[in-house]
Amino acid sequence: MPVPARRLPSWAWVTGLTAAALVMVAVLAVRAERGPQPTASARPEPSASASAKPSASPEESKPAAVPDGSGTGRRIVYSLDQRRVWLVDASDASRRSFTVWPGTVSPSPGTYTVGTRREAATGTDGVEIEHIVYFTVESGVNIAFSNAVDGSSPPPPASGVQTGGIRMRMADGDAVWEFGTAGTTVAVVD
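Quick note on my numbering: the sequence shown kicks off at 49 and runs consecutively.
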């Protein structure tokens, strides 16, 4: 007489699936912490707002100097030409600097103040975004710093869609969210 096959108890299946899920969450968390990996599709495209492209070149590892004429004291500095942001402390020292992907509508050079902040939303390009730090309106379009929830760079906007989001990598978005509280000065320079 053949011996019947033994079935695994349900608790063994649940334990195995739970362990596999935890491993997958850990892997995804590590990938998200590293930010987006450069690919041909993740490279920023030129927009009407600036001509320089963000890069992961050796200059990315060198601290970029805070632009002249960006004011003094604690502030966020955004250079339109360099597509770069600096978080500057009260002693005028740059705490962090990084490249960004601007939207199709750029703010005019000048000094602004962080007003509204929002944890998460859907951008005008349809991408889920977080850490949204609004600082002005230009041509009826809200201008804000943000990062994509999935860590990606923004897709090219649909024809005729105006976007005012200044996107950045996840870690940079976290830093701007912590630094750019309501009332923080934002200096926009060419």
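Think of the CB as a built atom: it goes at the ideal place given N, C-alpha and C, for glycine as much as any other residue.
Close beta carbons around residue i, own chain, < 7 Å, minus the five adjacent residues each side
i, result
"T184", "P155, Y160 and I191"
"T120", "D140"
Distance CB(residue i)-CB(residue j) smaller than 8 Å
i, j, result
"Y126", "V133", "yes"
"S187", "V153", "yes"
"A196", "I180", "no"
"T233", "R144", "no"
"V237", "P157", "yes"
"G174", "S194", "no"
Alpha-carbon to alpha-carbon, residue j and residue i
i, j, result
"P86", "G199", "Its pLDDT being 37, under 50, P86 is placed unreliably in this model, and the value from its coordinates should be taken loosely. Approximately 11 Å between the Cα atoms of the pair."
"T147", "G208", "25 Å"
"G231", "P203", "30 Å"
"Q210", "T172", "8 Å"
"T66", "R54", "22 Å"
"A219", "P57", "43 Å"
"S99", "T63", "Low confidence applies to S99: its pLDDT is 35, below 50, so where it sits in the model is not reliable, and the reading given next is rough at best. Distance between the alpha carbons of S99 and T63: 53 Å."
"A168", "T229", "15 Å"
"G213", "A112", "22 Å"
Residue i versus the options, residue with shortest Cα-Cα distance
i, options, result
"A17", "A113, S139 and G151", "Nothing can be reported for residue 17: it is not among the residues displayed for the chain, which extend from 49 to 238."
"F227", "T170, G213 and S142", "S142"
Opposing strand residues paired with residue i [DSSP bridges]
i, result
"G119", "Paired residues: none, contrary to the question."
"V189", "E186"
"L128", "Paired residues: none, contrary to the question."
"V224", "V224 is not bridged to any residue."
Same chain, Cβ closer than 8 Å to residue i, neighbours up to 5 away in sequence not counted
i, result
"Y182", "V162, G163, T164, R165, R166, N190, I191 and A192"
"S97", "In this prediction, S97 has a pLDDT of 36, which is less than 50 and means its spatial position is unreliable; what the coordinates show is noted afterwards. Once the five neighbours on either side are set aside, the close Cβ partners of S97 are L128, P150, G151, T152, V153 and S154."
"T170", "E176 and I177"
beta-carbon residue i near the ligand ZN non-hydrogen atom, thresh 7 Å
i, result
"T184", "In the structure shown, the ligand ZN is absent, as is every other ligand, since no ligand is present at all."
Cut-off 6 Å between Cβ atoms - residues of its own chain near residue i, not counting five sequence neighbours on either side
i, result
"W59", "none"
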